[in-house]
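Chains as they are written, first to last, in the numbering used here: chain V, 52 to 128; chain X, 52 to 128; chain R, 569 to 717; chain C, 569 to 717. One structure is given here, and the rest of the page talks about it.
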Amino acid sequence: MIHLHYFAGLKEVAGKASEDIQWTDGTVEDIVKWAADTYRAFDFSAVQVAVNEEYVLETESVKPGDHVAFIPPVSGG
Amino acid sequence: MIHLHYFAGLKEVAGKASEDIQWTDGTVEDIVKWAADTYRAFDFSAVQVAVNEEYVLETESVKPGDHVAFIPPVSGG
Amino acid sequence: MDAQLMKPFEVTNEPLEPARYMEYVTHSEAGAVTLFAGTVREWTNGKRTMYLEYEAYVPMAEKKLAEIGVEIKQKWPGSRVAIVHRIGALSISDIAVVIAVSSPHRKAAYEANEYAIEQIKKVVPIWKKEMWEDGEEWIGDQSYKPGSE
Amino acid sequence: MDAQLMKPFEVTNEPLEPARYMEYVTHSEAGAVTLFAGTVREWTNGKRTMYLEYEAYVPMAEKKLAEIGVEIKQKWPGSRVAIVHRIGALSISDIAVVIAVSSPHRKAAYEANEYAIEQIKKVVPIWKKEMWEDGEEWIGDQSYKPGSE
């Protein structure tokens, strides 16, 4: 199982701020694919992913228990 | 008569913050000469002059009633 | 101010008090303190903002703010830094972000402060939603991918 | 704060309260507020400062501060500015000068603020005397003649 975190527009499309999904093995790219299939109304093209609160590349592997956050372009300040 | 204003090191050399001197006609240059003769312990080479609270050139004329301030290099901030 | 209660890198729902952060960074070796406050502006390109809604990935955002603080201390030795960002609903003129930097000399205090806001706008997971008169919109710089440097 | 009591360009013997000037420049069209505080540093080039003594040609200094404010509004449209300088005896960490600038966008707020302190150091008739452990000295940039631009 992994923990997914949604923010801003994606949170609105998903209708939730987080959810847990079953996961045994795979990369960040696989999870983004899953999310894009699940939340088709959201454009993932500019989204970065953070695993356990650090930005990672799409090739990074994700292990059960990880926190995976989808980070749309930020706009703080 | 004109009103002279002294600051910082010049005030210490003159032993006063201001004084009035008799004056009928002349330029800023004349007054600087008078001050340099009067307060020989002070180096006037880097001093600017303000007449009535505005920086002026040495060629500016000074009229009775004017306020003449000797402005050593400033160091505010 | 009780220094114990002070978190120098924080994301909070509470209104920000700039003076606290100025005091926090001021010390005997500082000759210059710069403070930046990002405030909610009413008009942008002819559109009227009613209010803003800020959201953050709080634990990661606080970590990233602290990382910016570490970078600044490395790039501008002798600096002290506090960076705080407010989230939730903000009205016109409310302060969204406060950056306080002290440094022995002024040039560093200006540069480090500006560096902080630029980094915030690039890498800190905080999002702003503009609530216009006629709609709403999540704002994001679509041209920049955080972490892609 | 009572705006009536607020002089945005002032030379004063009283301690400076930065928050007052931030509030003064903040308004609904501002998206960024920058504040600079020049503070008394204890050590300079290995010499220890006990305290500082500031002196000003007050009426001319206030006039020059106001002129800097006018220049800023011309160079960075939409800015609001307050610049105040304290005189008298200042202890370590006391604030000697406060510059507050608001602007629609942040770049202008930083630039205008830095412009103000640079102009102060060139043309505003204020002088600083360093009181060291072993003596005292009036500080002045001997290389620059105010008014010679």
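Even for Gly, the Cβ is constructed at its ideal location relative to N, Cα and C. From a predicted model like this one, the values you see are computed outputs, not experimental measurements.
- request: Mind checking which residues open and close the alpha helix (DSSP H) that includes D117 of chain X?
  value: Against the second sequence, residue 117 of chain X aligns to sequence position 66. Looking at the DSSP string, D117 of chain X is not in any alpha helix (DSSP H), and its letter there is neither H nor E.
query: With burial defined as no fewer than 16 other Cβ atoms inside 10 Å of the residue's Cβ, what is the status of R91 of chain V: buried or exposed?
result: Numbered from its first residue, the first sequence carries residue 91 of chain V at position 40. Classified as exposed, R91 of chain V has fewer than 16 neighbouring CB atoms from the shown chains inside 10 Å of its CB.
message: Checking 7 angstroms against the spacing of the C-beta atoms, do S661 of chain C and S670 of chain R come in under that value?
response: As a working note, residue 661 of chain C is residue 93 in the fourth sequence. As a working note, residue 670 of chain R is residue 102 in the third sequence. No, the pair does not count as a contact, with Cβ atoms beyond the cut-off.
- request: Would you mind working out which of R:I667, R:E630 and R:S659 sits nearest R648 of chain R, comparing C-alpha positions?
  value: Within the third sequence, numbered from 1, the residue matching residue 648 of chain R stands at position 80. Minimum Cα distance to R648 of chain R is reached at R:I667.
query: With which residues is E623 of chain C paired in a DSSP beta bridge?
result: Your numbering for residue 623 of chain C matches position 55 in the fourth sequence. Paired residues: C:W695.
Proximity test, Cβ basis, 7 angstroms: A605 of chain R and chain C: For this step, residue 605 of chain R is matched to residue 37 along the third sequence. Yes, A605 of chain R counts as interfacial toward chain C.
- prompt: Would you report the Cα separation of G646 of chain R and G60 of chain V, rounded to the nearest angstrom?
  reply: For the purposes of this step, residue 646 of chain R is taken as the residue at position 78 of the third sequence. For the purposes of this step, residue 60 of chain V is taken as the residue at position 9 of the first sequence. Distance between the alpha carbons of G646 of chain R and G60 of chain V: 40 angstroms.
query: Quick one: is G703 of chain R buried, meaning 16 or more other Cβ sit within 10 Å of its Cβ, or exposed?
result: Position 135 of the third sequence, counting from 1, holds the residue named residue 703 of chain R. Label assigned to G703 of chain R: exposed.
query: Counting only beta-carbon atoms, is S716 of chain C nearer than 7 angstroms to chain R?
result: Within the fourth sequence, the letter at position 148 stands for residue 716 of chain C. Confidence is the limiting factor: at S716 of chain C the pLDDT is only 41, short of 50, which leaves the residue's position unreliable, though a coordinate-based value still follows. No - not a single Cβ of chain R is within 7 angstroms of the one on S716 of chain C.
query: Do the stretch 688-703 of chain C and the stretch 629-646 of chain C meet, that is, are 3 or more Cβ pairs less than 8 angstroms apart?
result: yes
task: Using only alpha-carbon positions, find the residue among R:G708, R:A605, R:K631 and R:E630 that is nearest to P586 of chain R.
output: Within the third sequence, residue 586 of chain R is the residue found at index 18, counting from 1. Ranking the options by Cα distance to P586 of chain R, first place goes to R:A605.
field: Three CB pairs or more closer than 8 angstroms across the stretch 121-128 of chain V and the stretch 91-106 of chain V
entry: yes
task: Taking all protein chains shown into account, decide if L573 of chain C is buried (16 or more other Cβ within 10 angstroms of its Cβ) or exposed.
output: Within the fourth sequence, the letter at position 5 stands for residue 573 of chain C. Exposed: under 16 other Cβ atoms inside 10 Å.
message: Using the Cβ count rule (16 or more neighbours within 10 Å means buried), how would you classify E682 of chain R?
response: The residue you call residue 682 of chain R lines up with position 114 of the third sequence. Its Cβ being crowded by 16 or more others within 10 Å, E682 of chain R is buried.
query: For E610 of chain C versus T602 of chain C, is the C-beta spacing smaller than 7 angstroms?
result: Along the fourth sequence, one-based indexing puts residue 610 of chain C at 42. Along the fourth sequence, one-based indexing puts residue 602 of chain C at 34. The criterion of a C-beta distance shorter than 7 angstroms is not satisfied by E610 of chain C and T602 of chain C.
message: So, with DSSP's three-state summary, where would you put Q73 of chain X?
response: Position 22 of the second sequence, counted from the first residue, corresponds to residue 73 of chain X. Here Q73 of chain X carries a coil assignment [DSSP, helix/strand/coil].
- prompt: Measuring from the CB of K84 of chain V, is there a heavy atom of the ligand MG at a distance below 6 angstroms?
  reply: Among the components of this structure there are no ligands whatsoever, and the ligand MG is therefore not found.
query: Leaving out the 5 sequence neighbours to the left and right, which residues in its chain are closer than 7 angstroms to K615 of chain C when beta-carbon positions are compared?
result: Position 47 of the fourth sequence, counting from 1, holds the residue named residue 615 of chain C. W700.
- prompt: When burial is assigned at 16 or more other CB atoms within 10 Å of the CB, is K575 of chain R buried or exposed?
  reply: Indexing the third sequence from 1 puts residue 575 of chain R at position 7. With fewer than 16 other Cβ atoms within 10 Å, it is exposed.
message: So, with DSSP's three-state summary, where would you put V145 of chain V?
response: Chain V is shown from 52 up to 128; residue 145 of chain V falls before or after that span and cannot be answered.
- prompt: Along chain C, which residues have their Cβ under 9 angstroms away from the Cβ of V601 of chain R?
  reply: The residue given as residue 601 of chain R occupies position 33 in the third sequence. P586, L603, F604, A605, G606, T607 and I663, listed in chain order.
query: Quick one, which of V:V98, V:D117, V:T110 and V:H54 has its alpha-carbon nearest D71 of chain V's?
result: For the purposes of this step, residue 71 of chain V is taken as the residue at position 20 of the first sequence. From the listed residues V:V98, V:D117, V:T110 and V:H54, the smallest Cα separation to D71 of chain V is found for V:H54.
- prompt: Listing by chain order, which chain C residues have their CB less than 7 angstroms from the CB of E104 of chain X?
  reply: Within the second sequence, numbered from 1, the residue matching residue 104 of chain X stands at position 53. P627, M628 and K631, listed in chain order.
- prompt: According to DSSP, what are the bridge partners of T602 of chain C?
  reply: For the purposes of this step, residue 602 of chain C is taken as residue 34 along the fourth sequence, with counting starting at 1. Bridge pairing for T602 of chain C: R:F604 and C:V669 [DSSP].
task: Could you check if K675 of chain C is buried or exposed, using at least 16 other CB atoms within 10 Å of its CB as the buried criterion?
output: Residue 675 of chain C sits at position 107 when you count from the first residue of the fourth sequence. Answer is exposed; the Cβ neighbour count stays below 16.
- request: Taking only the alpha-carbon atoms, compute the straight-line gap between R654 of chain C and V608 of chain R and give it to the nearest angstrom.
  value: Within the fourth sequence, the letter at position 86 stands for residue 654 of chain C. Within the third sequence, the letter at position 40 stands for residue 608 of chain R. In this model, R654 of chain C and V608 of chain R are separated by some 31 angstroms (Cα to Cα).
query: Where does L108 of chain V land, buried or exposed, given buried means 16+ other C-beta within 10 angstroms?
result: One-based indexing of the first sequence puts residue 108 of chain V at position 57. Flag for L108 of chain V reads exposed.
- prompt: Distance, Cα to Cα, V119 of chain X vs A101 of chain X?
  reply: Counting from one through the second sequence, the residue named residue 119 of chain X turns up at place 68. Counting from one through the second sequence, the residue named residue 101 of chain X turns up at place 50. A101 of chain X has its alpha-carbon roughly 6 angstroms from the corresponding atom of V119 of chain X.
- request: Could you name the residues that DSSP lists as bridge partners for H54 of chain V?
  value: Walking along the first sequence from the start, residue 54 of chain V turns up at place 3. Looking at the DSSP assignment, H54 of chain V forms a beta bridge with V:D71 and V:H118.
query: Are the Cβ atoms of I651 of chain C and A684 of chain C separated by less than 7 angstroms?
result: If you number the fourth sequence from 1, residue 651 of chain C lands on position 83. If you number the fourth sequence from 1, residue 684 of chain C lands on position 116. Yes; because the gap between Cβ atoms is below 7 angstroms, this pair is in contact.
- prompt: So, is the C-beta of I122 of chain V closer than 7 angstroms to a C-beta in chain R?
  reply: Stepping through the first sequence from its first residue, residue 122 of chain V is reached at position 71. Yes, I122 of chain V lies at the interface with chain R (some Cβ there is under 7 angstroms from its Cβ).
8 angstroms CB neighbourhood of F58 of chain V in its chain, flanking five on each side removed: Translated into positions along the first sequence, residue 58 of chain V becomes position 7. Counting only Cβ-Cβ distances below 8 angstroms, and skipping sequence neighbours, we find A68, A120, F121, I122 and P123.
query: Are the beta-carbon atoms of L584 of chain R and L620 of chain R separated by less than 7 angstroms?
result: Translated into the one-based positions of the third sequence, residue 584 of chain R becomes position 16. Translated into the one-based positions of the third sequence, residue 620 of chain R becomes position 52. No, the Cβ-Cβ distance between L584 of chain R and L620 of chain R is not below 7 angstroms.
Same chain, Cβ closer than 8 angstroms to M52 of chain X, five either side skipped, listed in chain order: Locating residue 52 of chain X in the second sequence gives position 1, counting from the first residue. Within the same chain, M52 of chain X has close Cβ partners D71, I72, Q73, W74, P115 and G116.
- request: Step through the CB atoms of chain C and report whether any lies within less than 7 angstroms of the CB of S126 of chain X.
  value: Working through the second sequence from its first residue, we reach residue 126 of chain X at position 75. With 7 angstroms as the cut-off, S126 of chain X counts as an interface residue toward chain C.
query: Are the beta-carbon atoms belonging to D593 of chain R and V626 of chain R less than 7 angstroms from one another?
result: As a working mapping, residue 593 of chain R is identified with position 25 in the third sequence. As a working mapping, residue 626 of chain R is identified with position 58 in the third sequence. A quick correction: the sequence has Val, not Asp, at residue 593 of chain R. Cβ distance not < 7 angstroms, so V593 of chain R and V626 of chain R don't count as in contact.
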